[in-house]
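**Student:** Please see the structure below; I have some questions.
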């Protein structure tokens, strides 16, 4: 536990690597208690341990976000440890590359499952904590691919587009009940997600994950009198 804790609690999915891990580290450094969720337990615990080694509060809960029972167990664990959820950052995601005619059907739907079903299940569980309190913030980490078509990334683009509309519907449902909802649309970011895409922009042209984490921190820092509906954060060269 940290003596610097603000009393605020964030649940971060996809926290074993990439943007999720960067967000967890960023928020912990600001005094948030962070509950980390991801499927890969060893990497997840490594991130959580590093946060604790720096004197901050973290909880690692191995979770498959596509499994409703595991998502429920995640939020039960957070409630037992901290008694509240102030923010959910949905950063779990996956991709599969290939032209539509050549894609593997199961891999295509796996991407939809993680990026859409996972976002839905975690958002649903978080809202059940936040709505009775009349406070909270759900941030869905999506992609510029939710609005821009990229050849060879049909599952990723389709899933992120679906998740963006889901985010907008959620915002419409809860905006008068004290809960804020934000969509974050990063451009090319240097994460392991590219490993499954079959193509990768030059690493030096991509954003580091810390830029996205800092953007999320900024959104969370806004007063309750303001709602940031959507943010697009891009590398200097724009869409790569």
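Numbering (the numbering used here), first residue to last: 4 to 243.
Where is the CB? At the ideal position from N, CA and C, for every residue including glycine.
Hey, out of 143, 235, 230, 27, whose CA is closest to residue 210's CA?
**Tutor:** Locating residue 210 in the chain shown gives position 207, counting from the first residue. Minimum Cα distance to residue 210 is reached at 235.
**Student:** If we call anything under 8 Å between Cβ atoms a contact, is residue 41 one with residue 95?
**Tutor:** Taking the chain shown and counting its residues from 1, the one referred to as residue 41 is at position 38. Taking the chain shown and counting its residues from 1, the one referred to as residue 95 is at position 92. Yes.
**Student:** Find out if the Cβ-Cβ distance for the pair residue 129, residue 88 is shorter than 8 Å.
**Tutor:** Residue 129 sits at position 126 when you count from the first residue of the chain shown. Residue 88 sits at position 85 when you count from the first residue of the chain shown. In contact: residue 129 and residue 88 (Cβ atoms closer than 8 Å).
**Student:** Look up residue 4 in the DSSP assignment and say whether it is helix, strand or coil.
**Tutor:** By 1-based counting over the chain shown, the position of residue 4 is 1. Only weak support exists for where residue 4 lies, its pLDDT of 34 falling under 50; the value from the coordinates is given anyway. Three-state DSSP puts residue 4 in coil, outside helix and strand.
**Student:** Answer yes or no: do residue 182 and residue 141 have a C-beta to C-beta separation smaller than 8 Å?
**Tutor:** Position 179 of the chain shown, counted from the start, is the residue given in the question as residue 182. Position 138 of the chain shown, counted from the start, is the residue given in the question as residue 141. Contact flag set, yes.
**Student:** Let me check understanding here. Comparing Cα to Cα, which of 229, 237, 228 lies closest to residue 215?
**Tutor:** For the purposes of this step, residue 215 is taken as the residue at position 212 of the chain shown. Closest by alpha carbon: 237.
**Student:** In terms of DSSP beta bridges, what is residue 143 paired with?
**Tutor:** For this step, residue 143 is matched to residue 140 along the chain shown. Note: residue 143 sits in a beta bridge opposite 93, 186.
**Student:** Please confirm whether residue 16 and residue 50 have their CB atoms less than 8 Å apart.
**Tutor:** Looking up residue 16 in the chain shown gives position 13. Looking up residue 50 in the chain shown gives position 47. No, the Cβ-Cβ distance between residue 16 and residue 50 is not below 8 Å.
**Student:** Using only alpha-carbon positions, find the residue among 208, 195, 179 that is nearest to residue 229.
**Tutor:** Position 226 of the chain shown, counted from the first residue, corresponds to residue 229. Of 208, 195, 179, the residue nearest in Cα terms is 179.
**Student:** Flag this pair as yes or no: are the beta carbons of residue 12 and residue 81 separated by less than 8 Å?
**Tutor:** Start at 1 with the first residue of the chain shown, and residue 12 comes out as number 9. Start at 1 with the first residue of the chain shown, and residue 81 comes out as number 78. Yes, the Cβ-Cβ distance between residue 12 and residue 81 is below 8 Å.
**Student:** Out of curiosity, what's the CA-to-CA distance linking residue 193 and residue 84?
**Tutor:** Taking the first residue of the chain shown as position 1, residue 193 is located at position 190. Taking the first residue of the chain shown as position 1, residue 84 is located at position 81. Cα to Cα, residue 193 sits roughly 32 Å from residue 84.
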